[in-house]
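At position 192 of the sequence shown the residue is numbered 173 (our numbering), and the sequence of numbers has no breaks. Here's the structure we're looking at; comments come further down.
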Amino acid sequence: MNLTDAMQGRRSIRGFQKKAVPKELLEEIIGLANRAPSSMNTQPWHFHVLTGAPLERVREGNSTRMMSGVPPVREIVDHGVYEGPHRDRQVEIAKQLFAAMGIAREDKEMRQDWVMRGFRQFDAPVSVVVTFDKALEGTTIASFDTGAVTYGLVLAAWSKGLGAVINGQGIMQSPVVRQEAGIPDNEVIMTCVALGWPDEEFAANSVVSRRRPVEAVARFVGFDEEDRNAG
Ligand SMILES: Cc1cc2nc3c(=O)[nH]c(=O)nc-3n(C[C@H](O)[C@H](O)[C@H](O)COP(=O)(O)O)c2cc1C
């Protein structure tokens, strides 16, 4: 798959086949993601790749705590409630996903079921917990670098036919993840990525999220001048 096709075609995958992902393939995509740029080549990231019983314990602990009303405990600074255009975009993708899944606005039970799927990391066969070095905690740049490597991971996964969703819900109860995954004390849990072979029948997997056009996200400065110079 060429890069244009991967970048254009990638979308979040939230329904997976019950089929294991070979460890060698996971090593290969992590190797590709690991080529991400980072500030002064500091490479502050780590990947903890979970499957089987430890992953089931993470799902169970995360879901039980969320259901019993334990407030989210994350190791990163929370964004709080989104407002304005950010809220609008959040609502738009939720509507698209619910429409695809046939979940009606007033169907509280099915909406709750969807939220629970998120806490269970969409029952993916693999969860990659992404962390960064605690020594760099509080620096914006380490978050930037960790985000870059995580996009690399989902893109590399897509290019190999795997599906993934970056899944903040999966680390809402970070103490559970820390304990069950054995995360070292000198690392901070940033997020997790639910990963596996896409279930082609799962309706939400075909949802294509919208983007603003290039002219709405980019400004070009000095180009007219260049045109004049070129002329
Ligand atoms: C930091 C981060 C956290 C996310 N957490 C979740 C999540 O908890 N649950 C979920 O369904 N999607 C989650 N997503 C996926 C976004 O909803 C998705 O990337 C966005 O709607 C754009 O859709 P696309 O990835 O299909 O292009 C997360 C994405 C990012 C970058």
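Note that the Cβ used here is the ideal one computed from N, Cα and C, for glycine as well.
Check	Outcome
beta-carbon Arg216 near ligand 1 non-hydrogen atom, thresh 6 Å	No information on residue 216 is available, as it lies outside the stretch -18 to 212 that the chain covers here.
7 Å Cβ cutoff met for Ala185 and Ala17	no
The stretch 81 to 93 in contact with the stretch 129 to 147 per 3-pair CB rule at 8 Å	no
Close Cβ partners of Lys115 (< 7 Å) along its chain, the five nearest in sequence each way excluded	Asn167, Glu168, Val169
Alpha-carbon to alpha-carbon, Ala129 and Glu206	33 Å
Three CB pairs or more closer than 8 Å across the stretch 69 to 78 and the stretch 184 to 199	yes
Which residues DSSP lists as bridging Val51, in chain order	Answer is none; Val51 lacks a bridge partner.
Minimum C-alpha distance to Thr23 - residue among Asp126, Ala199, Pro165	Asp126
Identified DSSP bridge partners for Thr112	His27, Ile170
Ligand 1 heavy atom lying under 6 Å from the CB of Gly163	no
Whole-number beta carbon distance between Trp178 and Lys0, since they are thought to touch under 8 Å	5 Å
Whole-Å CB distance - Arg55 paired with Ile122, under 8 Å assumed	With 8 Å as the limit, Arg55 and Ile122 do not qualify as a contact, their Cβ atoms being about 20 Å apart.
Element boundaries [alpha helix (DSSP H), containing Ile147]	It is not in any alpha helix (DSSP H) - Ile147 instead sits in the beta strand (DSSP E) that spans 144 to 147.
Cβ neighbours of Trp26 in the same chain (closer than 6 Å, five flanking residues each side left out)	Phe113, Thr127, Val130
Counted within 10 angstroms of its Cβ, other Cβ atoms place Gln(-11) as buried (16 or more) or exposed	exposed
Proximity test, Val107 beta-carbon vs ligand 1 heavy atom, cut-off 6 Å	no
Alpha-carbon to alpha-carbon, Phe204 and Ala105	47 Å
Pick from Leu7, Ala162, Thr(-15) that is closest to Leu134, judged by C-alpha positions	Leu7
Residues bridged to Gly99 [DSSP beta-bridge criterion]	According to DSSP, which records beta bridges pairwise, Gly99 is partnered with nothing at all.
Ser187 CB to nearest heavy atom of ligand 1 below 6 Å	no
Alpha carbon of Gln102 to alpha carbon of Val30, nearest angstrom	13 Å
Start and end residues, alpha helix (DSSP H) containing Tyr132	121 to 140
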